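Trainee: Let me give you the structure first, and then I'll get to my questions.
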Amino acid sequence: MNERETLKINSLGHLEIGGADAVDLAKEFGTPLYVFDETHIRNMMRVYKRTIENEYDGNGQVLYASKAFSCKAVYAIANDENIGVDVVSGGEFYTALKAGFPANRIYMHGNNKLFRELEYAVENGIGNIVVDSYSEADILNGIAAQHGVKQNVLIRTNPGIEAHTHAFVQTARTDSKFGFSINDGAAEEITRHVLTKKNLVLKGYHCHIGSQIFEKQSFVLAAEKVMDFIAKMKKSLGFEAAELNIGGGFGVWYTDEDPKLKLCDYADYLKALIDAVKSKAKEHGLNKPYLLIEPGRSIVGEAGVTLYTVGAIKDIPGIKKYVAVDGGMFDNPRYALYQSKYTVILADRANEKCTERVTVAGKCCESGDLIAVDVPLPEAKIGNILAVLTTGAYNYSMASNYNRNFIPAAVLVKDGKAEYIVKPQTYEDIVRNDVIPGRLKK
Ligand code: LLP
């Protein structure tokens, strides 16, 4: 466990998060339950913000990549911390607006933004749209003209840096669906194109090389590559980018195969990146661009824990022991998608020695519905509270109602006090949008 003041084992031998005993939370709110530690979310937002203030004269902004965990409360926290956010759909944009988040601090991404999403974004005064195709540039220009506005945009580049992470979460390989390649001239061509658009104001460039990355060098290389490209554009087109958005991707601890980063380590990552931008600006005689970063996982990942209740236990002697819980791939599809690894503990027996290795299975009608494979645990009994750590990012946001299970509720914990930020679903919610055509009615 990557312990911190707000995530530890308490004197009762129970998991404690945000000052609250996980066993009490399970009793009060039921399981499965997503639990979020507000202090950690705020600390992570602050460490990035302060690093930009201290190392880059505050000439930049942190954008929380809200795809990692999107609900009204998290936008309210980001707003309170005075940072920006990035959204990747009309739904995320709508949620942010409903939370009272100012549209001018929102950036929108997507390789295939829909007409209605672009229109909705422009109508509501979105701060910036990161253009990722020719057709998008044309459509957006038309929408902006119709609304009589000049829309700020960035261009998403692909710097061609292969980060060492799962192929599905790499985004800057040469064959990626995202961005315009710097290497083959595509990024220069789209720059020329966007600069001809009367209702688009090209502020600069964006890149994002992938997610769950620990090598500083990958971030530094990407920043250097885009800075070189900015210099090239200044020379060849006379266009000097005012903004550089370097994306997100900083890794978090899931198991002891990952480094246990502290707040100061994240500051170091960002500082390395900032140093690269500064030295490239100097080398090329460029103004230091307004710097944006888009961390998602590192802000909410370790802030989240999922609590389950142990149900059926099946021992296949000499082969495997399954410990099934009341959740599954509908609240956490990451093992099924990426074979992701997690640390699992019994929240009510957290000090006990692990005596066996088990596979934690969900309750879905599917063999691949697993949460963690071959993980150490004390001998679990029906009714124990099982906690999966580091589930704050890409768990709730990727949840579904598969098998018509409920998407679990989420609570936000601060100083030991927990409140709903996502209420529990009911059977009525499950059928809310279902319709039986008249001809099928008996
Ligand atoms: N900016 C852009 C343009 C992105 O595509 C992403 C993540 C981020 C920022 C935030 O990256 P982070 O700091 O969270 O690494 N569902 C996958 C992760 C997909 C990440 C997609 N893009 C997972 O569960 O691992």
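First residue of the sequence shown? That's 2 in my numbering, and the numbers climb one at a time after it. Beta carbons: idealized from backbone N, C-alpha and C, even for Gly. Keep in mind the model is a prediction, meaning the values are calculated, not measured.
DSSP three-state label for L432, please.
Mentor: As written in the sequence, residue 432 is Val, which differs from the Leu given in the question. Assignment of V432 by DSSP, reduced to helix, strand and coil, places it in the helix class.
Trainee: Since G252 and I214 are thought to touch, with beta carbons under 8 Å apart, how far apart are those beta carbons, to the nearest angstrom?
Mentor: 6 Å
Trainee: For T32, name the three-state secondary structure that DSSP assigns.
Mentor: coil
Trainee: At the level of alpha carbons, what is the spacing between V88 and S134?
Mentor: Taking the straight line joining both Cα atoms gives about 17 Å.
Trainee: Using a threshold of 9 Å, state whether the C-beta atoms of I130 and L115 are closer than that.
Mentor: Cβ distance not < 9 Å, so I130 and L115 don't count as in contact.
Trainee: Roughly how many angstroms lie between the CA atoms of G248 and F94, to the nearest whole one?
Mentor: 18 Å
Trainee: G248: beta carbon under 8 Å from a heavy atom of the ligand LLP?
Mentor: yes
Trainee: If I'm right that A388 touches A348 with Cβ under 8 Å, what's the distance once you round it to whole angstroms?
Mentor: 4 Å
Trainee: For L34, count the other beta carbons within 10 Å of its own beta carbon; 16 or more makes it buried, fewer makes it exposed. Which is it?
Mentor: L34 is buried by the Cβ-count criterion.
Trainee: Please report the straight-line C-alpha distance between E353 and E17, rounded to a whole angstrom.
Mentor: 15 Å
Trainee: Return yes when at least one heavy atom of the ligand LLP lies under 8 Å from the C-beta of G297, else no.
Mentor: yes
Trainee: Can you tell me which residues form a DSSP beta bridge with I156?
Mentor: DSSP, once it has assigned bridges, lists V132 and Y206 as partnering I156.
Trainee: With three or more beta-carbon pairs closer than 8 Å as the criterion, would you say the region 395-408 touches the region 312-322?
Mentor: no
Trainee: Mind checking who E357 pairs with in its DSSP beta bridge?
Mentor: L378
Trainee: Need the endpoints of the alpha helix (DSSP H) that Q62 sits in, please.
Mentor: Element bounds for Q62: not the alpha helix (DSSP H) but the beta strand (DSSP E), G61 to A66.
Trainee: Between M399 and the ligand LLP, is there a pair consisting of the residue's CB and a ligand heavy atom that are separated by less than 8 Å?
Mentor: yes
Trainee: Around the C-beta of S67, are 16 or more other C-beta atoms found within 10 angstroms, so that it is buried, or is it exposed?
Mentor: Result: buried.
Trainee: Rounding to the nearest angstrom, what Cα-Cα distance links N44 and V361 in this structure?
Mentor: 31 Å
Trainee: How long is the line joining the alpha carbons of P377 and G250, rounded to whole angstroms?
Mentor: One C-alpha to the other measures close to 29 Å.
Trainee: Does DSSP put S237 in a helix, in a strand, or in coil?
Mentor: Collapsing the DSSP output to three states places S237 in a helix.
Trainee: Would you mind giving the Cβ-Cβ distance between G297 and E244, rounded to the nearest angstrom? I have them listed as a contact below 8 Å.
Mentor: At roughly 19 Å, the Cβ-Cβ gap does not stay under 8 Å, so G297 and E244 are not in contact.
Trainee: Apply the 10 Å Cβ neighbour rule to V278 and answer buried if 16 or more other Cβ atoms are within range, or exposed otherwise.
Mentor: Here V278 is buried. Its C-beta has 16 or more other C-beta atoms within 10 Å.
Trainee: To the nearest angstrom, how far is the alpha carbon of L26 from that of E420?
Mentor: 10 Å
Trainee: Using 8 Å as the cut-off, classify the Cβ of S212 as near or not near the heavy atoms of the ligand LLP, replying yes or no.
Mentor: yes
Trainee: Tell me N246's beta-bridge partners as DSSP assigns them.
Mentor: In the DSSP secondary-structure assignment, N246 is bridged to H207 and L293.
Trainee: Which first and last residues belong to the beta strand (DSSP E) in which L16 is found?
Mentor: Start and end: L16 to I18.
Trainee: Identify, in the order they occur along the chain, each residue of the same chain with its Cβ nearer than 8 Å to the Cβ of V324, setting aside the five sequence neighbours on each side.
Mentor: V311, I314, V359, T360, V361, A362, L378, A381 and L387
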